[in-house]
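K.L.:
Numbering (the numbering used here), first residue to last: 2 to 192. Glycine included, C-beta positions come from ideal geometry on N, C-alpha and C.
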Amino acid sequence: MTRSRLLTVWAALCLLGALLLWGVTLLDLSFAGHSWNDSGPCPYSPADRVRYGLGGFSFFCGGQRMPGAHPSYPLVVAALVLNTLLLWLARGRGEQARRMGRVSLWALLLTLGLGWPVLKGVERVQNDFLAGGEVVALDTRPALFSARRCEVRPENGPCTQVGRLTLPNPVAWGLLGLGLTGAAGLRRGRP
2 MTRSRLLTVW
12 AALCLLGALL
22 LWGVTLLDLS
32 FAGHSWNDSG
42 PCPYSPADRV
52 RYGLGGFSFF
62 CGGQRMPGAH
72 PSYPLVVAAL
82 VLNTLLLWLA
92 RGRGEQARRM
102 GRVSLWALLL
112 TLGLGWPVLK
122 GVERVQNDFL
132 AGGEVVALDT
142 RPALFSARRC
152 EVRPENGPCT
162 QVGRLTLPNP
172 VAWGLLGLGL
182 TGAAGLRRGR
192 P
């Protein structure tokens, strides 16, 4: 297999990997932050506290950790680290490999270097928001964290005003970066 064909296959695998990882993270995060049965600390309830970090996402209800590991962020970071390392080792294979390596490195720096501090800030803001009222819903997706809480509830009545909070999830940055790495490898160089 020629050098350019190998890198083109690698680029296509990056695109496929980004799509597959998107599916994995979507499934993982769709069930995050909720108790879907009557076992655990808060049956059929959303989480009232979160912890986001390099080890993944954890959700708490009533001071107890809810079951389930949510490793979307470390999975995406690990894929970017591995891809960047392999592309760095292949940089002698030509401009196509160097171009893919640069995109992968930028994606890694954005997802890890900026994403981790953003996660810590999102954790703080979201925990403050969740502590400010009755939690109605907590949704986590690869691109966004969102929460809703009841702001005004008359005595023995339904909630009349719902507050909403939506914040970015750096998992999407890594998935986009992996896809862009593949796209950079498929782009034809100048003659």
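Throw me the rounded Cβ distance for the Val-1 and Leu-22 pair, which I believe falls under 8 Å.
P.N.:
Because the chain spans 2 through 192 in this model, residue 1 falls outside it and cannot be assessed.
K.L.:
Could you pull out every unbroken alpha helix (DSSP H) segment of at least 4 residues lying fully inside the region 86-136, listed in chain order?
P.N.:
Segments of the alpha helix (DSSP H) lying fully in the region 86-136: 96-109 and 116-132.
K.L.:
Does the Cβ of Tyr-45 have 16 or more other Cβ atoms within 10 Å, making it buried, or fewer, making it exposed?
P.N.:
Per the 10 Å Cβ criterion, exposed.
K.L.:
Cβ of Gly-116 versus every heavy atom of the ligand HEM: is any distance shorter than 7 Å?
P.N.:
In the structure shown, the ligand HEM is absent, as is every other ligand, since no ligand is present at all.
K.L.:
Is Val-82 near Thr-182, with beta carbons less than 8 Å apart?
P.N.:
No, they are not a contact pair.
K.L.:
Look at Gly-211 and Tyr-74 and say whether their C-beta atoms are less than 8 Å apart.
P.N.:
Lying before the first or after the last residue shown, residue 211 is absent from the chain, which here runs from 2 to 192.
K.L.:
Taking DSSP as the reference, what is the three-state secondary structure of Thr-9?
P.N.:
The answer is helix: DSSP assigns Thr-9 an H, G or I state.
K.L.:
Can you find the residues in the same chain that come closer than 6 Å, C-beta to C-beta, to Leu-1, ignoring five residues on each side of it along the sequence?
P.N.:
Examination of residue 1 is not possible in this model, given that the chain is present from 2 through 192 alone.
K.L.:
In the DSSP assignment, the beta strand (DSSP E) including Leu-145 goes from what residue to what residue?
P.N.:
145-153 is the span of the beta strand (DSSP E), which, as asked, contains Leu-145.
K.L.:
Go through its chain and collect everything with a Cβ distance to Thr-167's Cβ below 6 Å, but skip five positions before and after it.
P.N.:
Only Leu-145 and Ser-147 meet the Cβ criterion.
K.L.:
Can you give me the C-alpha to C-alpha distance between Pro-47 and Pro-68, rounded to a whole angstrom?
P.N.:
Approximately 12 Å between the Cα atoms of the pair.
K.L.:
Identify the continuous beta strand (DSSP E) that holds Leu-55 and give its terminal residues.
P.N.:
Per DSSP, Leu-55 belongs to no beta strand (DSSP E) and is neither H nor E.
K.L.:
Given a cut-off of 8 Å on the beta-carbon distance, is the pair Asp-49 and Phe-32 in contact?
P.N.:
Contact: no.
K.L.:
Do you know whose CA, among Leu-113, Trp-89, Leu-176 and Pro-118, lies nearest Arg-142's CA?
P.N.:
Of Leu-113, Trp-89, Leu-176 and Pro-118, the residue nearest in Cα terms is Leu-176.
K.L.:
Would you mind reading off the limits of the beta strand (DSSP E) that contains Thr-167?
P.N.:
Where Thr-167 is concerned, the enclosing beta strand (DSSP E) stretches over 162-169.
K.L.:
Taking the straight line between their C-alpha atoms, what separation do you get for Arg-6 and Met-101?
P.N.:
Their backbone Cα atoms lie some 14 Å apart in a straight line.
K.L.:
Is Thr-3 helix, strand or coil when you go by DSSP?
P.N.:
Thr-3: coil per DSSP, three-state reduction.
K.L.:
Can you list, in chain order, the residues of its chain whose CB lies under 7 Å from that of Pro-155, leaving out five sequence neighbours each side?
P.N.:
So the list reads Thr-161, once near-sequence residues are dropped.
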